[in-house]
Structures are given as C-alpha cells and as structure tokens.
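Have a look at the structure below before the remarks.
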Amino acid sequence: MSNQKSISSYFTSTNSPSRPRPAPSASPSPSPSQSQSQAQSQSQSQPQSQSQSQSQSQSHSHSGYRPPARFAERAAKLQAVGAETRKVLPAILSRLPALDASRSEVTHLENLPPLRTADCPRHDRVRVSVVNGDSFTVAIELAEKHAPPGTAPGAASRSVRPAVLNLASDRRPGGGWMNGALAQEEALCYRSSLYLSLHASYYPFRQLTGVYSPDVLIIRDQMSRGHALYTTPEAELPIVSVLSVAGLRNPPTKTVASVSADREPVVREVFASEKDRELTRGKMRVCLRMAARAGNEILVLGALGCGVFKNPPEEVARCWADVLGEAEFSGWWKEVAFAVLDRQGGEEHRSL
Numbered sequence: 001m002s003n004q005k006s007i008s009s010y011f012t013s014t015n016s017p018s019r020p021r022p023a024p025s026a027s028p029s030p031s032p033s034q035s036q037s038q039a040q041s042q043s044q045s046q047p048q049s050q051s052q053s054q055s056q057s058q059s060h061s062h063s064g065y066r067p068p069a070r071f072a073e074r075a076a077k078l079q080a081v082g083a084e085t086r087k088v089l090p091a092i093l094s095r096l097p098a099l100d101a102s103r104s105e106v107t108h109l110e111n112l113p114p115l116r117t118a119d120c121p122r123h124d125r126v127r128v129s130v131v132n133g134d135s136f137t138v139a140i141e142l143a144e145k146h147a148p149p150g151t152a153p154g155a156a157s158r159s160v161r162p163a164v165l166n167l168a169s170d171r172r173p174g175g176g177w178m179n180g181a182l183a184q185e186e187a188l189c190y191r192s193s194l195y196l197s198l199h200a201s202y203y204p205f206r207q208l209t210g211v212y213s214p215d216v217l218i219i220r221d222q223m224s225r226g227h228a229l230y231t232t233p234e235a236e237l238p239i240v241s242v243l244s245v246a247g248l249r250n251p252p253t254k255t256v257a258s259v260s261a262d263r264e265p266v267v268r269e270v271f272a273s274e275k276d277r278e279l280t281r282g283k284m285r286v287c288l289r290m291a292a293r294a295g296n297e298i299l300v301l302g303a304l305g306c307g308v309f310k311n312p313p314e315e316v317a318r319c320w321a322d323v324l325g326e327a328e329f330s331g332w333w334k335e336v337a338f339a340v341l342d343r344q345g346g347e348e349h350r351s352l
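Residue numbers (full-length UniProt numbering): 1 to 352.
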C-alpha cells in the first residue's frame, strides 16, 4: 500500500517508549473554532495503561520509586485543569440543549459487520498524513480545511465532523485524568466533555471493544498553550466524534533480521504471535467501521498501543497500512491523519 512507508517510517524513527519520535511536520496552528467478538485469549503480560508516553508502573511503586519532582508539580496542575473542566462543563452544556455529551455506544467487532459497498461515498483518493500535533487540534484544523466555502470557523467541525481515535484505557474511563496523569486519552479529557460519554458500565473492555462518542465538545486549548478555556460563544465551540479503543497490553515481541532494498542489514521488533498481530488489525477495523457507519469522513488516528503498552511501532504502522488498504475501507474517507504529539523528550507518567 502506498501509505505504508510514510506511516511506518514515522512510527519507527525512535523505538524508545519514553522518547517521542521526531516530528516530520509542524504542529497545527491554534483554533478556538472549532461491537468486539469475545476475545479468545487475553494478553499474557502484566497490565499497563495505554498512551504514547511512559507510565508510572506498579513495579516502580513497589520498589520505592518516586517520580521526579517536576512530574508531581505537573500532575498537580493537571488535576486542577481537570477539576476546572468538570466544574465549567455543566453550565456550558446547559446552554446547548441539543447536545447530549453523555451519549455514546459501546460495541464489539462481532457486532460490526463489514461495510457495505452500496453505502460507500466513494471518495476518489484518501490523503494520509502523519502530523506532529495534539489530536483535537489536528481534528479542528482538518474540519476547517474541509468545511464548505464560507463556513464560519466556529461551525467547521459541526458541518464536517471529524472522528478522533482515543488511545483508551481498557480499565477506567479516561484513564488517570482525575489524578493528573498525562497520556493521549487524558489530554483529550482535560480539553473536552469526552469523559461524560465513557460510562463505567463499559469497563473493563474486551479485546475488540470500541466506544463511539458522537458529540464531544472541546472547551479549551491544548496543554502547550496553557489549557486556556476558549472564549468563543458556546454555539461556536468545536465538536468532534471520538472512537475509544485500547491497544494490546504488553504483547510478547521478538526481533527479526532482514536485508533492506539497498542491501543494508535491518533489525525489526515484531509481534511474537500472529494472533496478536491479527488482534491489532481487528481493533483497527473496529475504529474504521464505527467511523464509517456514523458517516465521519475525516479521521484522526494514532499509534495504537505504542508507548507504555509496548506494542512494536513498526508492526502497528504496518497493521494500519494493511487495514486501510483493505478493499472494504476504500472510498470512505476524504482525509486520514495520524496525530503523534512530540513532547520534546519528556518522560510522562500515567497511573493506571
């Protein structure tokens, strides 16, 4: 598939889970406008929480490990941001009676049959890119890009509803966001109403579970811009859909050696089991089927399971390329972006 090289090369440019991969492009500019078959087996490894970042592991706590002071300070600040988000959202939502931020659907791959060709919008060619950026910010930018001419910036994400992949915890709604943790899921919750649609009854996820949240209201800017609350009228705040799927937890991996096209030796980390490789593809099909069935034609995806869940990045990239290249998914999307935020090498912690 033509997209495989660009996706794979970005995910694998750095394999260290504590060191973000280098960014190939600039971060988008700010904009205030804007079911699973029951798993046949569970991961054999000890649980960790998913993110694109490093976690505060149980082994650390058991060994007397203490994170650096800067993480404790940051966690306190993020706890305050989360508390403010929970405090201000009810009043904002009360002025948007047509929006039900708690609405969502939990589903599983076994309940998501293959997409019907007759329903496909048949877009000629999907543009696939990898962006160094916050997932919500990338979604807002893409909504503005694809909105009809003359659409006011604040209305862009309402006329063109992007779907954003949430690299979810499979155990707790929002992961560790109430504790000041920071990973991709927590970052989404700090900025939005996402947590209201992640109901406790959905947890724990099965291996091929997905949650579709159609109306997630974004009320504040990204962390690098101070998490400032948007000052635009409530009716102009961005709305996106969110696809919550959890990657495999610490799947067994192995290294394989090969020779590149220019005869250079290449060593790759891969899933040790074909079963885990196919489970990962299954999770990706859950994402894509949920989005396509809901009519989301703009996707913001991510490095599913990479980071603290320790899925091999190149394998994940290849799985995305394989699944996006399947005939079933041809013609459903105008644009697909992989948002992988470069946090400039700072180790991050997630307490779940």
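Ideal Cβ placement from N, Cα and C applies to all residues, glycine included. The structure presented is a predicted model; accordingly, all values stated were derived computationally and were not measured.
Quick one: using the 10 Å Cβ neighbour count with 16 as the cut-off for buried, is residue i buried or exposed?
i      : result
Ala327 : exposed
Leu341 : buried
Lys283 : buried
Gln56  : Low confidence applies here, because Gln56 scores a pLDDT of 42, under 50, leaving its location unreliable; read the following figure in that light. It is buried - the Cβ of Gln56 has at least 16 other Cβ atoms within 10 Å.
Asp221 : buried
Thr137 : buried
Ser258 : exposed
Gly295 : exposed
Gly325 : exposed
Arg70  : exposed
Val267 : exposed
Ser201 : exposed
Val128 : buried
Val336 : buried
His108 : buried
Val88  : exposed
Glu297 : buried
Ala91  : exposed
Who are the Cβ neighbours of residue i in its own chain at under 6 Å, not counting the five residues just before and after it?
i           : result
Val216      : Ser192, Ser193, Leu194, Val240 and Val242
Val164      : Ser135, Ala139, Val240, Val242 and Val300
Asp170      : Pro204, Phe205 and Ala246
residue 420 : Within the shown structure, residues of the chain are numbered from 1 to 352, placing residue 420 beyond reach of any answer.
Lys310      : Asn250
Ala147      : Ala156, Ser159 and Val160
Leu96       : Glu234
Ala292      : Leu115 and Trp332
Gln44       : Confidence at Gln44 is low in this model, with a pLDDT of 37, below 50, so its placement is unreliable and no value can be given for it.
Met290      : Gly210, Tyr212 and Leu243
Arg263      : none
Since I believe residue j is in contact with residue i (beta carbons under 8 Å), could you give me their beta-carbon distance rounded to a whole number of angstroms?
i      : j      : result
Tyr212 : Ser104 : 6 Å
Val286 : Leu208 : 6 Å
Pro162 : Leu142 : 6 Å
Gly210 : Ala339 : Not a contact, Cβ separation roughly 18 Å.
Asn166 : Glu144 : 21 Å between Cβ atoms; not a contact.
Ala317 : Gly180 : About 31 Å; that fails the 8 Å criterion.
What does DSSP give as the partner residues of residue i in its beta bridges?
i      : result
Arg220 : Leu229
Ala156 : Ala156 is not bridged to any residue.
Leu301 : Phe338
Tyr212 : Glu105 and Leu243
Phe271 : Thr253
Val164 : Val242 and Val300
Val128 : Val336
Pro265 : Val259
Ser192 : Ile218
I'd like the list of long-range same chain contacts for residue i, defined as Cβ closer than 7 Å, with 5 residues on each side in sequence excluded.
i      : result
Ala272 : Pro252, Thr253 and Lys254
Val270 : Thr253, Lys254, Val256, Pro312 and Glu315
Cys319 : Arg277, Thr280, Arg281 and Met284
Ser260 : Val266
Cys120 : Gly331 and Trp332
Chain C beta carbons: is any one of them nearer than 9 Å to that of residue i?
i     : result
Pro68 : Chain labels in this structure do not include chain C; a single protein chain is all it has.
What residues in its chain sit with their C-beta under 8 Å from that of residue i, if we drop five residues either side in the sequence?
i      : result
Tyr190 : Leu78, Val81, Gly82, Thr85, Trp177, Arg220, Met223 and His227
Leu99  : Leu93, Asp215, Leu217 and Ile239
Looking at residue i and the ligand SAM, is the gap between the Cβ and the nearest heavy atom below 8 Å?
i      : result
Ser244 : Ligands in the displayed structure: none, and consequently the ligand SAM is not present.
- request: Evaluate the contact criterion for the segment 249-263 versus the segment 176-189: three or more CB pairs, one atom per stretch, below 8 Å.
  value: no
message: Any contact between the segment 272-288 and the segment 142-158? By contact I mean 3 or more CB pairs, one from each, below 8 Å.
response: no
- prompt: Can you find at least 3 beta carbon pairs, one from the segment 104-124 and one from the segment 229-237, that sit closer than 8 Å?
  reply: no
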